[in-house]
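Right, one structure below, let's go through it.
Number of protein chains: 2
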Amino acid sequence: MNLPGRNINLHISVDCVIFGFSTNQLKVLLIKRAYTNTSGTLSNDHKLPGDFIAIKEDLDLAASRTLEELTGLKDIYLQQFAFFGRPDRISKSMDIAWLTETTGHKIQRVVTAAYYSLINITDTNSDFAIKNNATWIDVKQVPDLAFDHATIITNGLAHLQLTLRNEPIGFELLPEKFTVRELQTLYEVILDCSLDNRNFRKKILKSTYMVQLEEKQSGVAHKPAYYYRFDRNIYEKHKKESLGFNF
Amino acid sequence: MNLPGRNINLHISVDCVIFGFSTNQLKVLLIKRAYTNTSGTLSNDHKLPGDFIAIKEDLDLAASRTLEELTGLKDIYLQQFAFFGRPDRISKSMDIAWLTETTGHKIQRVVTAAYYSLINITDTNSDFAIKNNATWIDVKQVPDLAFDHATIITNGLAHLQLTLRNEPIGFELLPEKFTVRELQTLYEVILDCSLDNRNFRKKILKSTYMVQLEEKQSGVAHKPAYYYRFDRNIYEKHKKESLGFNF
DNA sequence: ACAAAAGTGTTTTTAATACACCCATGA
DNA sequence: TCATGGGTGTATTAAAAACACTTTTGT
């Protein structure tokens with residue numbers, strides 16, 4: 005988070021909807037915000053990771069900086085998906101007070117550039133995030149949020165769903181090696197539907213960029229599954245342009 | 005355009021990529037910008053319609069205001085599609101000088117919210133636009149543009165193409181009544197491909213929201229085509245959610 | 001031997017593609 | 001009657017969907 009003294013642009017911020025996948029849930033990384041207002045009441049809620057941009061900072065860089073500061077991760081899938089600029093998006097008294105305190109300025113109005121990010125949750129980056137006061141929360145259980153952050157998450161999820169149906173991005177949420185079943189569950193959870201496993205396998209495995217590894221699962225009390233990896237080079241070479249307007 | 009005296013936010017602007025379709029070309033509405041610099045040289049180029057936002061103005065409203073001021077049209081298809089915030093997007097000396105002159109301020113850096121709009125070009129709105137120093141230019145023939153406006157158009161066109169393949173928005177560029185051939189040509193031009201007319205008709209006409217009118221073309225030296233209209237209510241009722249991930 | 005999840009094939013249905021001629025009108 | 005673009009049908013191919021059992025492992 006930028007400190008008040010830095011050379012920051014108080015009109016423009018970035019907010020990141022950081023998605024992760026674990027225990028068969030799509031999760032989003034939220035910052036715990038505790039704030040004691042002037043009457044001494046403690047408020048406890050959450051907000052999206054985000055920050056004001058520096059005066060000459062590129063928006064994409066501001067977003068990846070926010071992401072790195074929070075998780076320690078670089079070179080992560082990160083896409084702008086919308087901006088939010090309603091003049092009343094900063095209107096709750098708690099939000100106004102919090103901004104005044106953290107920035108040292110009276111903030112009138114902020115336009116925010118929203119990004120969504122897909123990360124593979126590991127112990128390392130999870131610990132890193134927790135130290136930064138962040139927590140992974142199931143997207144279906146998102147609590148009350150600061151500003152219009154609930155809207156931003158809803159909107160980001162819609163973008164994720166759309167992109168997942170049109171581009172191979174599910175891999176970004178999984179480890180390097182993953183099983184077909186893990187991928188299928190990920191699709192089912194994000195798209196909120198159930199998929200026939202035979203048809204899913206057929207569809208996914210006919211693409212050449214799903215590379216089967218020699219390694220299998222071990223220590224599981226059932227037939228061990230093969231691991232696969234996603235080969236981006238093969239994908240880039242063979243990707244199709246589909247016309248298909250069926251609406 | 006906002007005048008220097010108004011209560012404007014000099015950090016944030018909106019830019020509109022306004023698409024229209026005529027004489028079998030996809031066109032974009034550009035503002036002619038003539039500027040005599042300090043050494044007396046006259047520069048002549050084009051820019052996207054756009055404006056700084058007012059201090060408390062909603063971005064969507066700023067965009068629709070820009071559109072209405074330029075064309076006289078209200079309630080037009082208008083979608084945000086991206087934001088552009090590179091710190092170097094204002095770097096050409098001509099652009100800097102022009103901003104200083106038109107705003108009366110030294111402008112360091114502006115983040116712009118980009119919208120694309122689809123309008124049905126008519127004599128009325130075309131005359132209106134021409135009076136405002138605007139001109140319809142074939143997207144394939146776009147000249148040198150101010151700032152990063154060439155990038156914005158390219159990006160906007162990509163969004164238009166994507167949306168055209170996934171949602172019925174082609175109608176927005178046509179008059180209320182149109183023929184199937186006009187619609188097909190529109191798809192061919194925007195998607196830059198050729199389509200089999202029998203298959204196109206089959207695909208389009210099986211959807212119930214294409215309503216055939218009794219009126220036919222008249223005065224044409226060939227078999228007159230029936231006019232159709234797009235029924236948004238029927239579309240909203242029957243629209244499908246397609247999963248289809250075939251990448 | 002049992003529980004648990006992996007992995008596999010075929011049939012049916014639906015959508016996409018390819019392809020060529022007759023029709024209605026104005027000039 | 002000719003030129004012009006409108007409008008139509010069928011056969012083929014490809015993809016999606018529906019559906020149930022066998023395999024491998026740990027306990």
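Chains as they are written, first to last, in my numbering: chain A, 5 to 251; chain B, 5 to 251. Idealized CB from N, CA, C, for every residue including glycine. Bear in mind that the values here come from a model prediction, so they are computed numbers and not experimental data.
| query | result |
| --- | --- |
| Three-way DSSP call (helix, strand, coil) for residue 130 of chain B in this model | helix |
| According to DSSP, residues forming a beta bridge with residue 24 of chain B | B:31 |
| Span of the alpha helix (DSSP H) around residue 97 of chain A | 97-107 |
| 8 Å Cβ cutoff, residue 229 of chain A in contact with chain B | no |
| Residues of its chain near residue 26 of chain B, where Cβ-Cβ distance is below 6 Å and the 5 sequence neighbours each way are ignored | 125 |
| Proximity below 8 Å, CB of residue 195 of chain B to CB of residue 216 of chain B | no |
| Per DSSP, cross-strand counterpart(s) of residue 230 of chain B | B:220 |
| Neighbour list for residue 109 of chain B in chain A, Cβ cutoff strictly below 9 Å | Those within 9 Å of residue 109 of chain B in chain A number zero; the least Cβ separation is about 14 Å. |
| Beta strand (DSSP E) segment containing residue 51 of chain B, residue limits | 46-51 |
| Residue 25 of chain A at chain B interface by Cβ criterion, 8 Å | no |
| Close Cβ partners of residue 182 of chain B (< 8 Å) along its chain, the five nearest in sequence each way excluded | 175, 231, 232, 233 |
| Buried or exposed (CB count within 10 angstroms, at least 16 for buried), residue 206 of chain A | exposed |
| Burial state of residue 61 of chain A (16 or more Cβ within 10 Å) | buried |
| Under the three-state DSSP convention, the category residue 93 of chain A falls into | helix |
| Cutoff 8 Å: residue 15 of chain B Cβ touching any chain A Cβ | yes |
| Neighbour flag for residue 63 of chain A against chain B, beta carbons, 8 Å | yes |
| Cβ shell of residue 102 of chain B (< 6 Å), same chain only, five flanking positions each side left out | 39 |
| For residue 100 of chain B, the nearest candidate out of B:90, B:135, B:111 (CA to CA) | B:111 |
| Nearest candidate by alpha-carbon position, reference residue 210 of chain A, set A:239, A:47, A:221 | A:239 |
| Chain A contact for residue 143 of chain B (CB, 8 Å cutoff) | no |
| Length of the line joining the Cα atoms of residue 130 of chain B and residue 140 of chain A | 53 Å |
| Any C-beta of chain A under 8 Å from that of residue 151 of chain B | no |
| Test: residue 179 of chain A CB closer than 8 Å to a CB of chain B | no |
| Segment contact, 8 Å Cβ cut-off, at least three pairs: the region 70-78 of chain A with the region 46-57 of chain A | yes |
| Residue 12 of chain B at chain A interface by Cβ criterion, 8 Å | no |
| Presumed contact (8 Å Cβ cut-off) between residue 251 of chain A and residue 170 of chain B, rounded CB distance | 7 Å |
| Run of the beta strand (DSSP E) containing residue 141 of chain A, from where it starts to where it stops | 138-142 |
| Whole-Å CB distance - residue 28 of chain B paired with residue 189 of chain B, under 8 Å assumed | 6 Å |
| Near the ligand ZN: residue 155 of chain A beta-carbon under 7 Å from a heavy atom | In the structure on display, the ligand ZN does not appear, and there are no ligands present to speak of. |
| Short-range partners of chain B found in the region 157-169 of chain A, where Cβ spacing is below 9 Å | 166, 168, 169 |
| DSSP-derived helix/strand/coil call for residue 64 of chain B | helix |
| C-alpha gap between residue 34 of chain B and residue 121 of chain B, whole angstroms | 13 Å |
| Bridge partner(s) assigned by DSSP for residue 13 of chain A | A:57 |
| Residue 212 of chain A to residue 15 of chain A span [Cα, whole Å] | 46 Å |
| Per DSSP, cross-strand counterpart(s) of residue 36 of chain B | B:50 |
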